[in-house]
Amino acid sequence: MSGFLFVVPPLVGHINPTVGVAAELTARGHRVAWASADPGLVRRLAGDEAVVFPCAGPVLTGEDGVRPAELRGPEALKFLWERFLVPLAEAMAPGVRAAIGEFGPDVVVADQQAFAGGLVAERLRVPWATSSTTSAEFTFAEALAGMPKVADWLDTLLHELRGRIGDPSGTADPRFSPHLVLAFSTPELVGSGAGAGAGAGATGEVGAGSGDRIRWVGPSMAPRPAAADFPWTWLDPSRATVLVTLGTANTDVGARFLAECRDALRSRADRVQAVIVDPANVLGAQADLDDLNDMDDQDDKDVLIRSSVPQLPLLERVDAVVCHAGHNTVCEALWHGVPLVVAPIRDDQPVVAGQVVDAGAGIRVRFGRVTAPKLGAAIDAVLHEPGYRTAAERIRTAFRAAGGARAAATHLEELAGATPSKEAP
Numbered sequence: 137m138s139g140f141l142f143v144v145p146p147l148v149g150h151i152n153p154t155v156g157v158a159a160e161l162t163a164r165g166h167r168v169a170w171a172s173a174d175p176g177l178v179r180r181l182a183g184d185e186a187v188v189f190p191c192a193g194p195v196l197t198g199e200d201g202v203r204p205a206e207l208r209g210p211e212a213l214k215f216l217w218e219r220f221l222v223p224l225a226e227a228m229a230p231g232v233r234a235a236i237g238e239f240g241p242d243v244v245v246a247d248q249q250a251f252a253g254g255l256v257a258e259r260l261r262v263p264w265a266t267s268s269t270t271s272a273e274f275t276f277a278e279a280l281a282g283m284p285k286v287a288d289w290l291d292t293l294l295h296e297l298r299g300r301i302g303d304p305s306g307t308a309d310p311r312f313s314p315h316l317v318l319a320f321s322t323p324e325l326v327g328s329g330a331g332a333g334a335g336a337g338a339t340g341e342v343g344a345g346s347g348d349r350i351r352w353v354g355p356s357m358a359p360r361p362a363a364a365d366f367p368w369t370w371l372d373p374s375r376a377t378v379l380v381t382l383g384t385a386n387t388d389v390g391a392r393f394l395a396e397c398r399d400a401l402r403s404r405a406d407r408v409q410a411v412i413v414d415p416a417n418v419l420g421a422q423a424d425l426d427d428l429n430d431m432d433d434q435d436d437k438d439v440l441i442r443s444s445v446p447q448l449p450l451l452e453r454v455d456a457v458v459c460h461a462g463h464n465t466v467c468e469a470l471w472h473g474v475p476l477v478v479a480p481i482r483d484d485q486p487v488v489a490g491q492v493v494d495a496g497a498g499i500r501v502r503f504g505r506v507t508a509p510k511l512g513a514a515i516d517a518v519l520h521e522p523g524y525r526t527a528a529e530r531i532r533t534a535f536r537a538a539g540g541a542r543a544a545a546t547h548l549e550e551l552a553g554a555t556p557s558k559e560a561p
């Protein structure tokens, strides 16, 4: 029996893929625990019985806690690193160190954006693996070769962070473990050459890339806590169903886009019905669930607007997805062979959207400028032009063959078994 400590940021999309891996390890008799700045979120996703060691998180209030919606490109990257990723790593480091001391893991599994996991594990001489919940990091690492100023800036930032919370003599990029990188995707989506140069440090500090350590395990799909009742009888099997979602972190910028989606889909009500996820209620108050279950009283039989949906079961019944190109949403749609219309907003989303388009599994539109007619045309295309569904089904086959949580658990067991006993300095 080995012990595995998952170090995760307080982000749903970064926790969800690891939940299935943790469950598989537990089923095989291993000890599993978590270190997080939001223990409640981990337990909501992984179950009330999850062992979670609390970590501090950055105090982000007022202007420091809200990224301006207009930030793009290098300025958005600068904000992400300086206002969130680096403060999160510094805040989490004492809690991660305490968790390692108390739990005694054989392997630390550090999310790619929870830098404290890799840096503290390196300092304490504990083997660690990277949980890469978005494949965009591989593409970004390679792109740095063409952006020397950005590369130098990131290299300095990581070097200074290592000096504060890690081993000053260490060399590993905390985004890419020198032992094992679990990538929750496959080359069929990401591209055959992705990851070849990842892990060489922002300016090549480590030398060899991490391509030989990357294990493409595909999406980790695990049962999730039951969502609020969904009116399944509302779905009309005689029409195509389109799911529209912007994930959990984009409610601040989605009003215009969701309204355009609603208008585009209502104009196709003779052949299409839509489920729109609107957690911030930007589209206005909707009918109560009781009204939705009474089909005679429900006025809008064409567009269903809900604050949340049981996404995985719903994806089994939809014909297309319109989304922000969040990595989790894209992979979950393609796991079900569903083609996409992607409208990236920020962070890794433009890269993931590019992967979808390059793989032939969807169409990209401009989030800030697309109109209902253009959205409608894109939706029509992915619904009715067979090439998009064929590509989505090809990726579905690759995803399911990759092994998911079971494959990831096996790779972690191999890492735990291959490492000698260690002593913290």
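Per our numbering, the sequence shown runs over residues 137 to 561. Glycine is no exception: its CB is placed at the ideal position from the N, C-alpha and C atoms. Every value quoted in this text rests on a predicted model; they were computed, and no experiment measured them.
Item	Value
Rank 515, 500 and 366 by C-alpha distance to the C-alpha of residue 455 and give the top, closest one.	515
Looking only at DSSP bridge pairs, what is residue 351 linked to?	318
Between the stretch 349-360 and the stretch 392-411, do at least 3 Cβ pairs fall closer than 8 Å?	no
Between which two residues does the alpha helix (DSSP H) harbouring residue 158 extend?	148-163
What is the rounded straight-line gap between the Cα of residue 500 and the Cα of residue 261?	44 Å
Could you tell me if residue 137 is buried or exposed, where buried requires 16 or more neighbouring beta carbons within 10 angstroms of its beta carbon?	exposed
Straight-line CA distance for residue 153 to residue 142?	11 Å
Might you give, ordered along the chain, the residues of its own chain that have their beta carbon closer than 6 Å to the beta carbon of residue 324, omitting 5 neighbours on each side?	531 and 534
For residue 247, list the residues DSSP reports as bridge partners.	267
Give the single residue among 193, 176 and 194 whose Cα lies nearest to the Cα of residue 187.	176
Cutting at 8 Å between CB atoms, please list the residues of its own chain near residue 445, excluding the five before and the five after it.	363, 366, 379, 381, 411 and 413
The alpha helix (DSSP H) that contains residue 369, what's its start and end?	From DSSP, residue 369 is part of no alpha helix (DSSP H); its letter is neither H nor E.
So residue 233 is in the alpha helix (DSSP H); what residue range does that whole segment cover?	222-239
Quick check: what's the CA-CA separation for residue 194 versus residue 220?	7 Å
CB-CB under 6 Å to residue 310, same chain, minus the five flanking residues each way: which ones, in chain order?	251, 254 and 255
For residue 271, is the classification buried or exposed, using 16 other Cβ atoms within 10 angstroms of its Cβ as the cut-off for buried?	buried
Measuring CB to CB, does residue 226 end up less than 7 Å from residue 248?	no
Should residue 520 go down as buried or exposed, given a rule of 16 or more other Cβ atoms within 10 Å for buried?	exposed
Given residue 529, which residues of its chain have a CB within under 6 Å of its CB, disregarding the five upstream and five downstream residues?	473
State the Cα-Cα distance for the pair residue 574 and residue 407, rounded to the nearest angstrom.	Nothing about residue 574 can be reported from this structure: the residues present for the chain run from 137 to 561 only.
If you run the structure through DSSP and keep just helix, strand and coil, what is residue 275?	helix
Taking DSSP as the reference, what is the three-state secondary structure of residue 419?	coil
What do you get for residue 502, buried or exposed, if any count of 16 or more other CB atoms within 10 angstroms of its CB means buried?	exposed
Measure the Cβ-Cβ separation of residue 488 and residue 466 and say whether it is below 7 Å.	yes
For residue 497, which three-state DSSP category applies?	coil
Can you tell me the Cα-Cα spacing of residue 215 and residue 151, whole angstroms?	22 Å
Whole-angstrom Cβ separation of residue 239 and residue 302, contact assumed at under 8 Å?	The pair is not a contact, with the Cβ atoms about 19 Å apart (cut-off 8 Å).
Can you check the stretch 516-554 for any alpha helix (DSSP H) of at least 4 residues that lies completely inside it and give the ranges in chain order?	522-538 and 540-554
Quick check on residue 191: does DSSP put it in helix, strand or coil?	coil
What's the gap between the Cα of residue 570 and the Cα of residue 419?	Missing from the structure shown is residue 570; the chain here goes from 137 to 561 and no further.
For residue 484, does the count of other Cβ atoms within 10 angstroms reach 16, so buried, or fall short, so exposed?	buried
State the Cα-Cα distance for the pair residue 541 and residue 293, rounded to the nearest angstrom.	33 Å
Just to confirm, are residue 527 and residue 479 a CB contact at a threshold of 7 Å?	no
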